[in-house]
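Under the UniProt record's numbering, the residue at position 74 of the sequence shown is numbered 74, and the numbers go up by one with no gaps. Even glycine gets a Cβ: it sits at the ideal position worked out from N, Cα and C. Every value quoted in this text rests on a predicted model; they were computed, and no experiment measured them.
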Amino acid sequence: MVTGNGHMNTGISLRIGVFFDGTGNNLANSSLVAHCLDPGAGLEDQREAILRHCERYGYDGQGNAPDNSYGSDKTNVARLYESYQPSQDVLKVYIEGVGTTNAGADSPLAKASGRYRTGVIARTAQAHQQVLQQLHHWSDNHPQAKVHALQFDLFGFSRGAAAARHFANDLRKGSNSGLAKRWPARLTLLCEHFDWNANDNLNIQFIGLFDSVAAIVAVLNGNFSPANADYSGVEMKLEAGTARTIVQLAARDELRRNFPLTRTDNDFTVPGAHSDVGGGYPARVREQVVLVRPRTSVEPRSLANERSQAYLRTQQDYLDNRLAWQALPVDTLTWSEDLPFVPKRDLYPQKRVIALLRCEREVFAGLSLIYLRIMHELGVRNGAPLRALDDRQGPGLPEELQGIATKLRAYVLGEQPAPGLTAEEELLLRTRYIHLSSHWNRAGHLGGDGAQVMFFHRPGDNGQRSVFPNE
1 MVTGNGHMNT GISLRIGVFF DGTGNNLANS SLVAHCLDPG AGLEDQREAI
51 LRHCERYGYD GQGNAPDNSY GSDKTNVARL YESYQPSQDV LKVYIEGVGT
101 TNAGADSPLA KASGRYRTGV IARTAQAHQQ VLQQLHHWSD NHPQAKVHAL
151 QFDLFGFSRG AAAARHFAND LRKGSNSGLA KRWPARLTLL CEHFDWNAND
201 NLNIQFIGLF DSVAAIVAVL NGNFSPANAD YSGVEMKLEA GTARTIVQLA
251 ARDELRRNFP LTRTDNDFTV PGAHSDVGGG YPARVREQVV LVRPRTSVEP
301 RSLANERSQA YLRTQQDYLD NRLAWQALPV DTLTWSEDLP FVPKRDLYPQ
351 KRVIALLRCE REVFAGLSLI YLRIMHELGV RNGAPLRALD DRQGPGLPEE
401 LQGIATKLRA YVLGEQPAPG LTAEEELLLR TRYIHLSSHW NRAGHLGGDG
451 AQVMFFHRPG DNGQRSVFPN E
């Protein structure tokens with residue numbers, strides 16, 4: 001693009017990477033609290049200052065993170081953004097996850113609905129604005145240059161993947177796209193014969209998605225559930241020809257009702273829950289989850305809790321799921337609450353027994369690093385200007401995952417028809433790396449019909465999430 005005498009040639013192709021992060025994920029906020037999950041590690045002389053800093057963002061000093069964008073590590077989208085190399089003809093834009101604000105509070109409403117000021121469609125409009133800002137800056141630095149082609153790479157995770165899909169469909173509208181309509185007259189960097197409707201001038205080279213989840217709620221439009229395929233204006237279908245290459249890594253072990261997957265025509269289903277694929281989990285967490293819906297029964301006060309119907313049904317729940325929970329440390333918790341005794345009404349004193357199955361264990365985040373490397377290689381193979389991943393500047397892949405990584409890479413790159421993991425490898429992933437994202441922990445009472453609302457992370461019907469076609 002630059003001649004020997006240092007002058008810019010006309011007819012430049014600009015490559016633009018746009019990175020849409022997942023719901024509740026925010027690179028700036030994760031960076032603010034980078035030391036908070038392990039305060040003082042390598043920084044013992046600053047430990048007290050770090051603890052005070054972390055307390056401002058909801059950390060308790062015991063390794064417990066807040067349930068918001070300040071409690072997440074960088075996602076794979078954020079790490080790919082960092083490795084995308086700006087240059088004379090390469091620009092990049094990072095779009096924060098739905099429901100988050102840089103250095104600000106998260107929006108529970110936007111996170112629950114995928115809408116409003118930090119929702120999916122708003123993030124797409126934000127991407128248009130930020131791309132134009134980057135182009136303004138580029139044009140100021142290259143006033144004599146003329147651009148023949150705008151070529152895009154799009155990456156997205158979760159609702160960020162939904163935003164990437166919406167952005168891609170908008171670009172396909174050419175002169176009617178949001179980018180073209182927002183294009184200011186004073187931005188004169190395009191060649192005279194640039195045609196917004198010509199693929200040679202405007203195209204998408206690569207779309208890399210991690211587990212697309214739209215999960216839109218629009219109550220005023222009659223859309224009351226995030227678990228359906230009513231996308232309320234978000235354009236999810238990726239037709240053939242939308243990009244030169246489209247790839248989606250779909251989470252095999254994501255079971256939550258409120259995290260429905262929308263497929264593409266080139267999906268690879270891989271081991272892991274939603275954020276095991278897209279990233280964002282802290283390097284190590286103490287996971288405490290309720291595995292099935294808590295059971296209750298009313299019993300005589302004299303009856304041992306372990307003989308109650310609640311307890312017995314809980315044991316049956318365990319037997320029904322023991323294969324899925326093999327090698328996990330599952331225990332039963334039971335307690336009771338005495339009910340008011342009215343002698344004129346009641347034959348004997350009664351109590352309400354509550355029983356549940358709980359799993360408490362340490363889980364690691366290494367699995368997402370496999371998918372980071374796979375998506376990175378896919379991007380590079382399709383011309384995305386991604387610099388090599390450097391384990392010295394970020395988390396390295398654990399040694400015990402190296403063989404699994406080799407098999408998963410071969411599967412996604414088309415070198416073998418299936419992952420082909422052994423039973424031992426699957427057991428390793430389930431016991432140490434695959435998070436139990438689907439659970440019956442209470443997520444807070446949002447009003448209305450109580451129990452169904454409070455268990456936001458509960459599994460879908462028949463223990464599976466919904467999967468919708470590429471429509």
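Q: Return the chain-ordered list of same chain residues with a C-beta closer than 6 Å to the C-beta of Leu209, the five sequence neighbours on each side being excluded.
A: As a working mapping, residue 209 is identified with position 209 in the sequence shown. Around Leu209: Gly156, Ala161 and Gln248.
#### Entry: Residues near Ser466 in its chain [Cβ-Cβ closer than 7 Å; skip 5 each side]
Within the sequence shown, numbered from 1, the residue matching residue 466 stands at position 466. Taking C-beta separations shorter than 7 Å and ignoring five residues to either side along the sequence, the partners of Ser466 in its chain run Ala227, Pro260 and Gly460, following chain order.
Item to check | Lys92 - containing alpha helix (DSSP H), residue span | outcome: For this step, residue 92 is matched to residue 92 along the sequence shown. Counting along the chain, Lys92 sits inside no alpha helix (DSSP H); it lies in the beta strand (DSSP E) bounded by residues Val90 to Ile95.
field: Cβ pair Asn102, Ala164 closer than 7 Å
entry: In the sequence shown, residue 102 corresponds to position 102, counting from 1. In the sequence shown, residue 164 corresponds to position 164, counting from 1. Cβ atoms of Asn102 and Ala164: not closer than 7 Å.
ask   = Which one or two residues does DSSP pair with Val342 in a beta bridge?
value = Here residue 342 refers to the residue found at position 342 when the sequence shown is read from its first residue. Partner(s): none; Val342 has no beta bridge.
Query raised in the report: Would a check of beta-carbon distances place Arg352 closer than 7 Å to chain B?
Result: Included in the structure is just one protein chain, with no chain B present.
Per DSSP, what kind of secondary structure is Lys146 in: helix, strand or coil? Position 146 of the sequence shown, counting from 1, holds the residue named residue 146. Of the three classes helix, strand and coil, the one that applies to Lys146 here is coil, per DSSP.
Could you tell me which residues DSSP pairs with Asn223 in its beta bridges? In the sequence shown, residue 223 corresponds to position 223, counting from 1. In the DSSP output, where bridge partners are listed per residue, Asn223 has Ala218.
query: Nearest to Ser69 by CA position, among Glu82, Pro108 and Gln46, is which residue?
result: Taking the sequence shown and counting its residues from 1, the one referred to as residue 69 is at position 69. Residue Pro108 is the option with its Cα nearest to Ser69.
Does the Cβ of Arg79 have 16 or more other Cβ atoms within 10 Å, making it buried, or fewer, making it exposed?
-> Looking up residue 79 in the sequence shown gives position 79. It counts as buried.
- Task: Would you give the residue range spanned by the beta strand (DSSP E) that Arg15 belongs to?
- Result: Position 15 of the sequence shown, counting from 1, holds the residue named residue 15. Element bounds for Arg15: Ile12 to Phe20.
Cα-Cα separation, Asn201 to Asn64:
Numbered from its first residue, the sequence shown carries residue 201 at position 201. Numbered from its first residue, the sequence shown carries residue 64 at position 64. About 50 Å.
Proximal residues to Gly450 (C-beta, below 6 Å), its chain only, five neighbours per side dropped: Your numbering for residue 450 matches position 450 in the sequence shown. Caution applies to Gly450, whose pLDDT of 40 falls short of 50 and renders its modelled position unreliable; the model cannot decide the point.
Pull the bridge partners of Pro459 from the DSSP assignment, please.
Taking the sequence shown and counting its residues from 1, the one referred to as residue 459 is at position 459. The partner list for Pro459 (beta bridge, DSSP) reads Arg256.
Open item on the list: Helix, strand or coil for Leu429? Go by DSSP, reduced to three states.
Closed with: Against the sequence shown, residue 429 aligns to sequence position 429. It is helical.
Item to check | For Ile354, the residue or residues it bridges with in DSSP | outcome: Within the sequence shown, the letter at position 354 stands for residue 354. Beta-bridge analysis with DSSP links Ile354 to Thr296 and Trp335.
- Message: So the candidates are Tyr81, Pro294 and Val33; which of them puts its Cα closest to the Cα of Tyr59?
- Response: Start at 1 with the first residue of the sequence shown, and residue 59 comes out as number 59. The option with the nearest alpha carbon to Tyr59 is Val33.
**Prompt:** What is the DSSP secondary structure of Ile434, counted as helix, strand or coil?
**Reply:** What you label residue 434 is simply residue 434 of the sequence shown in a count that begins at 1. In the three-state reduction of the DSSP assignment, Ile434 falls in the coil class.
| said: Starting from Thr124, trace the alpha helix (DSSP H) in both directions and tell me its first and last residue. | reply: The residue given as residue 124 occupies position 124 in the sequence shown. Residues Val120 to Asn141.
Given this structure, state the Cα-to-Cα distance separating Thr296 from Thr334, to the nearest angstrom.
Within the sequence shown, numbered from 1, the residue matching residue 296 stands at position 296. Within the sequence shown, numbered from 1, the residue matching residue 334 stands at position 334. Distance between the alpha carbons of Thr296 and Thr334: 10 Å.
In terms of DSSP beta bridges, what is Phe157 paired with?
-> Here residue 157 is taken as the residue at index 157 of the sequence shown, counted from 1. Paired residues: Phe210.
Nearest-angstrom beta carbon gap, Ser308 and Val353 [assumed within contact, 8 Å] | Indexing the sequence shown from 1 puts residue 353 at position 353. Indexing the sequence shown from 1 puts residue 308 at position 308. With 8 Å as the limit, Val353 and Ser308 qualify as a contact, their Cβ atoms being about 4 Å apart.
* Cβ atoms of Ile12 and residue 481: under 7 Å apart, would you say? -> Residue numbering for the chain in the displayed model covers 1 to 471; residue 481 lies beyond these limits and cannot be assessed.
For the alpha helix (DSSP H) that Val277 lies in, which residues bound it at each end? What you label residue 277 is simply residue 277 of the sequence shown in a count that begins at 1. Boundaries of the alpha helix (DSSP H) around Val277: His274 to Gly278.
**Message:** For a test of the three-state rule: what should DSSP assign to Asn102, helix, strand or coil?
**Reply:** Reading the sequence shown from its first residue, position 102 is the one you call residue 102. Asn102 falls in the coil class under three-state DSSP.
task = Tell me whether Met1 sits in a helix, a strand or coil according to DSSP, three-state version.
result = Position 1 of the sequence shown, counted from the first residue, corresponds to residue 1. Any reading at Met1 needs caution, since the residue's pLDDT is 41, under 50, leaving its predicted position unreliable; the model's value is listed next. Taken through DSSP and simplified to helix, strand or coil, Met1 comes out as coil.
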